[in-house]
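K.L.:
Before I ask anything, here is the structure I am working with.
Protein chains: 2
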Amino acid sequence: MKNIALIAAALCTLPLHAEAPSTAMAITEGLTTEVGPRLAGTEAEARARDWAVKKLTALGFANARIEPFTIPGWVRGEERAEITAPFPQKLILTALGHSGATPASGLSLEVVTFPTYAAFKAAPDAAIKGKIVYVGHRMNRTQDGSSYGSFGQVRRDGPSLAAQRGAAAFLIRSIGTDDHRLPHTGVTSWAKDVKPIPAAALSNPDADTLERVASRGSTMRMNLLLTPRFTGPQPSGNVIAELPGRDPGAGLVLVACHLDSLDLGTGAIDDATGCGIITDAALRVAKSGQQRRTIRVLWAGAEEVGVFGGDAYFQAHKAEPHALAAESDFGAGRIWQVKFRLPDGAAALKARVAEALAAQGIGAGAGLAHGGADVGQMVGAGAPSIDLSQDGSRYFDLHHTGDDSFDKVDPADIEQNVAAWTAMLDLVSNAPEQLEGTAR
Amino acid sequence: MKNIALIAAALCTLPLHAEAPSTAMAITEGLTTEVGPRLAGTEAEARARDWAVKKLTALGFANARIEPFTIPGWVRGEERAEITAPFPQKLILTALGHSGATPASGLSLEVVTFPTYAAFKAAPDAAIKGKIVYVGHRMNRTQDGSSYGSFGQVRRDGPSLAAQRGAAAFLIRSIGTDDHRLPHTGVTSWAKDVKPIPAAALSNPDADTLERVASRGSTMRMNLLLTPRFTGPQPSGNVIAELPGRDPGAGLVLVACHLDSLDLGTGAIDDATGCGIITDAALRVAKSGQQRRTIRVLWAGAEEVGVFGGDAYFQAHKAEPHALAAESDFGAGRIWQVKFRLPDGAAALKARVAEALAAQGIGAGAGLAHGGADVGQMVGAGAPSIDLSQDGSRYFDLHHTGDDSFDKVDPADIEQNVAAWTAMLDLVSNAPEQLEGTAR
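Protein sequences appear in the order of chains S and P.
Just so it is clear: in the first sequence, position 59 is 59 by this note's numbering, and no numbers are missing.
Add 1000 to the 1-based position in the second sequence for this note's numbering, that's all there is to it.
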């Protein structure tokens, strides 16, 4: 009966009138207002860690602490682009994370354009050597965000491939679904021994303009200036805290988000909301009566620049038994689906969670839960997991842009997330079944 | 019968399938692609004039020409702002047109905030002297755009008043209805003998952030850098062309738009669409059989920086009899209302125009037509006018921002505009009534 009452209580907290903000909203508002952008390895990320320890302690968590690690630093510099022929016009772009730099005086070169990543890969090296390469992959909306996997390749792998093939610089259409002149950044990866070249994303309207200019058929030339720089090893760290359970031998329930953000926005939906949601839900479970298992929150550092926090957590804590490893890191949309990865003996728990979520309109999906970036290694090593999938239809309007700001967060949507997480966490943290061990 | 047939033909051109773009869309696409931003007094505005003469000539207009004039030049420089206390965070803002500059090293000062322009005006001078003043007026959507008049005051008059009262700089919440981190610029006016101070608009999300920081109650400090500069007298000009009528004594039908744009966007909805709409409609009228009156198109220069083109037109052409002076300069939304300012003997024409537009779902509004900025002096001096009012509900999402780009233009909405203008222009340019002279 306790679980039913708790679920009902969670549902009844959906605000009908102006009320004090929920803990989830207060965390989101606080991080975006009192810290703002918090790029991994910067002084701002360090301020965010201090803010987080203070906040979690004030909320009643035990043992709130920083677990430090070191990452390779990189910071944005100036960024300017202008088509100089056939029609002079400035374009708005932004460097991809870990982009190389142009000379301080910029590059002035011919632009060669490809409609898709496949067309770029199929072109002969001679067509791109010494040129600024542009690839115009355009991504449509998906509820589950799955297009980011395929369309994101051009950002993650394209610059390295272009560098290996002799391109002078690599530009892409933003991996985004909006039509605002706010380009989408995100980290790119360089293959071993590849020297980084300048790599940047144009906003969708600017990509449209470049493609319309290209459609006229004349040779296009561009002045390009990008002056980001690698800053060497820099401090980062995870923030961890617990709500102790009654049974220390029953395994930890780990719920994660990431504390760092990219530098253009204030990291509201990526991922302050995630930290707000999991923390608020954990507190609601504990406040309804001490739960069986210890719930640990992980506010991971340096996720955006290579999941360094998730790796550090795994290295430090992989020997501890985990009954669950789950994460909220897909924005501020409502939860529409649940997926599971639970051990054999947990079929009854799975049914209880599915039923509780069905009562909130959330259906069970096919396939296994994957956790999230920061718990991915834990799940890969066998920790049980449950995915509460958020609606991503609008996520890629904002993701990795300047527009990721607090005003985009709908308190009613966040409350729906907290209610679902509360129901799930309550059932898992109090489950009598044995959960720690290898999940299927 | 000819008029009915023409209206029917215009309606039937609403595209159901992919078709060649209309002249209106081709002008909008061409100006935004082959010229782009065209700030008054710059080399880009000069390129736009050359583009316009070539385009109008190619479309079959007679006597396409440039009528030059000179304006005071101003160009944007660097613009950076950062709250330094109590919570360090960068903010996105943009200088208002004709803003003064900070020192090259920027300003580092206390910020004082006011929720409304009235609150700023009511505050004692001592509260603002030597400080960075922020006013957070927030504008809601209106279909007729009327809120821009009242809320725009803080942009037009606020900086001058703040300078007179001793403020070091003046910041406002953007006069805009969107929630993107793209601030809205627009020109401000300095009273006689007032030395310009730095004046800028924050994007709505950044204004929200500043207000949330202010709500914590601690003294706020900011580093502000703005380096725009006045560039002295610069060349601008109007582009004018005609479709000759059968009766040179019947007065001119003047239809206007403005060719210049602000510098942040590509001037798609402000006002390439206006030029496309009036030009396409004029051509459709002429192609259906030579009309009685000469139709003159005015693509005005330097509207955004002080309606210099409208003033130059009035000075040069006020002695010529005008049967109509109308303008399209309110974006790319559908026309929803018509207003009139016609001479006494034109009641029957007014009824015919109202009937033709009612057939397109456009109702007649109360009050008199005002023309538009570039024909305002002509209308003020007695030229008849008809306003075809566009729906402005979304106009101030884009107006004067970087987001004013071609992708925001819906071809079906533009076709609706052209159909309405075609119906109105056909009736006015062929009306047997005497129209030139003082309108009521």
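For each residue, glycine too, the CB sits at the ideal point set by N, CA and C.
Predicted, not measured: the structure shown is a model, and the values here were computed from it.
Flag Gln89(S) as yes if its beta-carbon sits less than 7 Å from any beta-carbon of chain P, otherwise no.
P.N.:
Position 89 of the first sequence, counted from the first residue, corresponds to residue 89(S). It does; some Cβ of chain P falls within 7 Å.
K.L.:
Hey, could you find the ends of the beta strand (DSSP E) Ile1172(P) is sitting in?
P.N.:
Residue numbering aside, residue 1172(P) sits at position 172 when the second sequence is read from its first letter. Segment 1169 to 1173, the beta strand (DSSP E) holding Ile1172(P).
K.L.:
By DSSP's criteria, Gly363(S) is part of a beta bridge. Which residues make up the other side?
P.N.:
Against the first sequence, residue 363(S) aligns to sequence position 363. DSSP output for Gly363(S) lists Gln337(S) as bridge partner(s).
K.L.:
Does the Cβ of Gly1265(P) have 16 or more other Cβ atoms within 10 Å, making it buried, or fewer, making it exposed?
P.N.:
Locating residue 1265(P) in the second sequence gives position 265, counting from the first residue. That one is buried.
K.L.:
Between Ala201(S) and Leu171(S), what straight-line distance do the alpha-carbon atoms span, to the nearest angstrom?
P.N.:
Sequence index remark: in the first sequence, residue 201(S) carries index 201 (1-based). Sequence index remark: in the first sequence, residue 171(S) carries index 171 (1-based). Rounded to the nearest angstrom, the two C-alpha atoms are 6 Å apart.
K.L.:
Please state the DSSP three-state secondary structure of Phe1061(P).
P.N.:
By one-based count along the second sequence, residue 1061(P) stands at place 61. Here Phe1061(P) sits in coil by DSSP.
K.L.:
Kindly identify the DSSP beta-bridge partner or partners of Ile1414(P).
P.N.:
By 1-based counting over the second sequence, the position of residue 1414(P) is 414. Per DSSP, none; premise fails for Ile1414(P).
K.L.:
At what residues does the alpha helix (DSSP H) containing Leu1210(P) begin and finish?
P.N.:
Against the second sequence, residue 1210(P) aligns to sequence position 210. That run of the alpha helix (DSSP H) goes 1204 to 1215.
K.L.:
So, using beta-carbon positions, are Glu436(S) and His317(S) closer together than 7 Å?
P.N.:
By one-based count along the first sequence, residue 436(S) stands at place 436. By one-based count along the first sequence, residue 317(S) stands at place 317. No; because the gap between Cβ atoms is not below 7 Å, this pair is not in contact.
K.L.:
Could you tell me the boundaries of the beta strand (DSSP E) in which Glu479(S) lies?
P.N.:
Residue 479(S) is absent from the model: chain S starts at 1 and stops at 440.
K.L.:
Quick one: what does DSSP say Pro68(S) is sitting in, helix, strand or coil?
P.N.:
Counting from one through the first sequence, the residue named residue 68(S) turns up at place 68. Strand at Pro68(S).
K.L.:
On a Cα-Cα basis, can you pick out the residue from Gln1291(P), Thr1219(P), Asp1426(P), Ala1381(P) that is closest to Val1112(P)?
P.N.:
For the purposes of this step, residue 1112(P) is identified with residue 112 of the second sequence, where counting begins at 1. The candidate whose alpha carbon is nearest that of Val1112(P) is Thr1219(P).
K.L.:
Expressed to the nearest angstrom, what Euclidean distance is found between the alpha-carbon atoms of Ala241(S) and Ala420(S)?
P.N.:
Numbered from its first residue, the first sequence carries residue 241(S) at position 241. Numbered from its first residue, the first sequence carries residue 420(S) at position 420. So the two alpha carbons sit approximately 21 Å from each other.
K.L.:
Does DSSP classify His258(S) as helix, strand or coil?
P.N.:
By one-based count along the first sequence, residue 258(S) stands at place 258. Correct three-state label for His258(S): strand.
K.L.:
What distance in whole Å lies between the Cβ atoms of Ala1272(P) and Ile1027(P), which are believed to be in contact at a cut-off of 8 Å?
P.N.:
Taking the second sequence and counting its residues from 1, one reaches residue 1027(P) at position 27. Taking the second sequence and counting its residues from 1, one reaches residue 1272(P) at position 272. Yes, they are in contact, since the Cβ atoms of Ile1027(P) and Ala1272(P) sit about 7 Å apart, within 8 Å.
K.L.:
By DSSP, does Met220(S) sit in helix, in strand, or in coil?
P.N.:
For this step, residue 220(S) is matched to residue 220 along the first sequence. Strand, per DSSP.
K.L.:
Report the residues of the region 380 to 398 of chain S with a CB closer than 7 Å to any CB of chain P, ordered along the chain.
P.N.:
Listed in sequence order: no entries.
K.L.:
7 Å is my cut-off, CB to CB: does Glu1034(P) come that close to chain S?
P.N.:
Along the second sequence, read from residue 1 onward, the residue named residue 1034(P) stands at position 34. At least one chain S Cβ lies under 7 Å of Glu1034(P).
K.L.:
Pro235(S) bridges to which residues according to DSSP?
P.N.:
Taking the first sequence and counting its residues from 1, the one referred to as residue 235(S) is at position 235. According to DSSP, which records beta bridges pairwise, Pro235(S) is partnered with Thr70(S).
K.L.:
What does a CB cutoff of less than 6 Å around Ile1335(P) pick up in its chain, not counting 5 residues either side in sequence?
P.N.:
Working through the second sequence from its first residue, we reach residue 1335(P) at position 335. Correct list, in chain order: Ile1362, Leu1388, Gln1390, Asn1417, Ala1420.
K.L.:
Going by C-alpha to C-alpha distance, which of Arg165(S), Asp178(S), Gln153(S), Ala169(S) sits closest to Asn140(S)?
P.N.:
Counting from one through the first sequence, the residue named residue 140(S) turns up at place 140. Residue Asp178(S) is the option with its Cα nearest to Asn140(S).
K.L.:
State yes or no: is the C-beta of Ala20(S) nearer than 6 Å to some heavy atom of the ligand ADP?
P.N.:
Only the bare structure without any ligand can be found here, which leaves the ligand ADP out of the picture.
K.L.:
Cβ closer than 9 Å: which chain S residues qualify as neighbours of Thr1094(P)?
P.N.:
Position 94 of the second sequence, counted from the start, is the residue given in the question as residue 1094(P). Going along chain S, no residue has its Cβ under 9 Å from Thr1094(P), so there is no contact; the nearest lies around 12 Å.
K.L.:
Can you round the beta-carbon distance between Leu1254(P) and Ala1325(P) to whole angstroms, since I take them to be within the 8 Å contact cut?
P.N.:
One-based indexing of the second sequence puts residue 1254(P) at position 254. One-based indexing of the second sequence puts residue 1325(P) at position 325. Yes, they are in contact, since the Cβ atoms of Leu1254(P) and Ala1325(P) sit about 5 Å apart, within 8 Å.
K.L.:
Take the Cβ of Pro205(S) as the centre, count every other Cβ of all protein chains shown within 10 Å, and call the residue buried at 16 or more, exposed below.
P.N.:
Against the first sequence, residue 205(S) aligns to sequence position 205. Buried, by the Cβ-count rule.
K.L.:
Counting only Cβ pairs nearer than 8 Å, list the residues of chain P close to Leu182(S).
P.N.:
Along the first sequence, one-based indexing puts residue 182(S) at 182. Here the neighbours are His1180, Arg1181, Leu1182.
K.L.:
Where does Glu29(S) fall in DSSP's three states?
P.N.:
Within the first sequence, residue 29(S) is the residue found at index 29, counting from 1. Note: Glu29(S) maps to helix in three-state DSSP.
K.L.:
If you draw a straight line from the C-alpha of Gln337(S) to the C-alpha of Ser385(S), how long is it?
P.N.:
Locating residue 337(S) in the first sequence gives position 337, counting from the first residue. Locating residue 385(S) in the first sequence gives position 385, counting from the first residue. Whole-angstrom Cα-Cα distance: 14 Å.
K.L.:
Taking one C-beta from the region 1154 to 1164 of chain P and one from the region 1184 to 1199 of chain P each time, how about it: are there three or more such pairs within less than 8 Å?
P.N.:
Touching, yes.
K.L.:
Would you mind stating whether Ala1101(P) and Pro1183(P) have Cβ atoms separated by less than 7 Å?
P.N.:
The residue you call residue 1101(P) lines up with position 101 of the second sequence. The residue you call residue 1183(P) lines up with position 183 of the second sequence. Cβ distance not < 7 Å, so Ala1101(P) and Pro1183(P) don't count as in contact.
K.L.:
So that I know if they touch, is there some Cβ in chain S lying closer than 7 Å to that of Gly1402(P)?
P.N.:
Here residue 1402(P) refers to the residue found at position 402 of the second sequence. Yes, contact with chain S.
K.L.:
Looking at the C-beta of Ser147(S), does it have a partner C-beta in chain P at a distance below 7 Å?
P.N.:
Residue 147(S) sits at position 147 when you count from the first residue of the first sequence. Not an interface residue.
K.L.:
Run through chain P and tell me which residues come within less than 8 Å of Asp208(S), C-beta to C-beta.
P.N.:
As a position in the first sequence, residue 208(S) is number 208, starting the count at 1. By Cβ distance, chain P contributes Ser1405, Phe1406, Asp1407.
K.L.:
Find the nearest neighbour of Ser967(P) within the set Gly1130(P), Lys1192(P), Ile1132(P), judged by alpha-carbon distance.
P.N.:
Residue 967(P) cannot be examined here, being either before or after the span of chain P that is shown, 1001 to 1440.
K.L.:
Relative to the alpha-carbon of Tyr148(S), which residue among Ser236(S), Gly30(S), Ser22(S), Tyr395(S) has its alpha-carbon at the smallest distance?
P.N.:
The count along the first sequence starts at 1 and reaches residue 148(S) at position 148. Ranking Ser236(S), Gly30(S), Ser22(S), Tyr395(S) by Cα distance to Tyr148(S) puts Tyr395(S) first.
K.L.:
Flag this pair as touching only if the region 128 to 142 of chain S and the region 90 to 105 of chain S have three or more C-beta atom pairs under 8 Å; answer yes or no.
P.N.:
No, they do not touch.
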